[in-house]
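**Student:** Letter by letter, the sequence shown follows residues 229 to 431 in my numbering.
Ideal Cβ placement from N, Cα and C applies to all residues, glycine included.
Quick one: the structure is below, and I'll ask about it shortly.
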Amino acid sequence: MSAETMSHVFEPFFTTKEAGKGTGLGLATVYGIVKQSGGYVWCYSERGAGTTFKVYLPRVDAPVDQFPARAPLPRTPGSETILLVEDEAPLRALTRRLLERHGYTVLEAGSADAALAIAREHVGPIHLLLADVVLPGASGPTLAGELLSRRADLKVLFMSGYTEDAIVHRGVLAPNTAFINKPFSGENLAAKVRDVLDQGRQT
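Here it is as structure tokens:
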């Protein structure tokens, strides 16, 4: 790649692919994860020859805990209704099972349009929108805006396989927006959902 391209290669949402073929978040996510781990990424490229990326991480001599601490389970099961919006069917099914295991009622959709249709037809309350940031059609934040205009008391939690830093840096999400990184464990998801639902609640 050219020197100009190399100077932008780790920037979130920078891509040389045509519209609709790439998000520009892949290398930005790699860079963010490596930096958070105290390492760095080295890149060398020659036009017509290829590109090499090398990841350097600090060596850790300290022993690793055999059983890392897990997030505590919520003390009481949930009873609220959650609108889950995820375009990958296997992940959507898994997330639904995790939420239902913790007592939540789950409405699910694979796109923003489908989610809007469900919200229009559902006569009961929807307490939380759990949506991927990147969706077919409208984005997760755009969907949230549409739903909040109709259900002002709706709580919102975004999820993504991309790092929060990369997404916030480009203005896709506002700072301090409720967010959970994929992949997540059932315990971490349940704890985060409970935390978002309880925000602003009188005790």
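Leaving out five residues on either side along the sequence, give the residues of the same chain with a beta carbon under 7 Å from the beta carbon of residue 366.
**Tutor:** Here the question's residue 366 lines up with position 138 in the sequence shown. Correct list, in chain order: 340.
**Student:** Just checking, does the segment 344-360 make contact with the segment 312-319 on the three C-beta pairs under 8 Å criterion?
**Tutor:** Taking 8 Å as the limit for Cβ pairs, the verdict is that the segment 312-319 does touch the segment 344-360.
**Student:** For residue 368 and residue 286, I'd like the C-alpha separation in whole angstroms.
**Tutor:** Walking along the sequence shown from the start, residue 368 turns up at place 140. Walking along the sequence shown from the start, residue 286 turns up at place 58. Distance between the alpha carbons of residue 368 and residue 286 is about 36 Å.
**Student:** What is the DSSP secondary structure of residue 245, counted as helix, strand or coil?
**Tutor:** Counted from its first residue, the sequence shown places residue 245 at position 17. Of the three classes helix, strand and coil, the one that applies to residue 245 here is coil, per DSSP.
**Student:** Are there three or more Cβ pairs, one per stretch, closer than 8 Å when the segment 374-381 is compared with the segment 323-337?
**Tutor:** In short, these stretches do not touch, since the Cβ pair count stays below three.
**Student:** Beta-carbon within less than 8 Å of residue 408's beta-carbon, same chain only, minus the 5 sequence neighbours each way: which residues are those?
**Tutor:** In the sequence shown, residue 408 corresponds to position 180, counting from 1. Around residue 408: 385, 386, 387, 416, 417, 420.
**Student:** Assuming residue 383 and residue 355 form a contact by the criterion Cβ under 8 Å, report the distance between their Cβ atoms to the nearest whole angstrom.
**Tutor:** Numbered from its first residue, the sequence shown carries residue 383 at position 155. Numbered from its first residue, the sequence shown carries residue 355 at position 127. Right, the Cβ-Cβ distance comes to about 6 Å (below 8 Å), so this counts as a contact.
**Student:** Enumerate in chain order the residues of its own chain whose CB-to-CB distance from residue 236 is below 8 Å, with the five nearest sequence positions on each side excluded.
**Tutor:** Here residue 236 is taken as the residue at index 8 of the sequence shown, counted from 1. Here the set comprises 242.
**Student:** Less than 8 Å between the C-beta atoms of residue 324 and residue 336, yes or no?
**Tutor:** Your numbering for residue 324 matches position 96 in the sequence shown. Your numbering for residue 336 matches position 108 in the sequence shown. Yes. Within cutoff.
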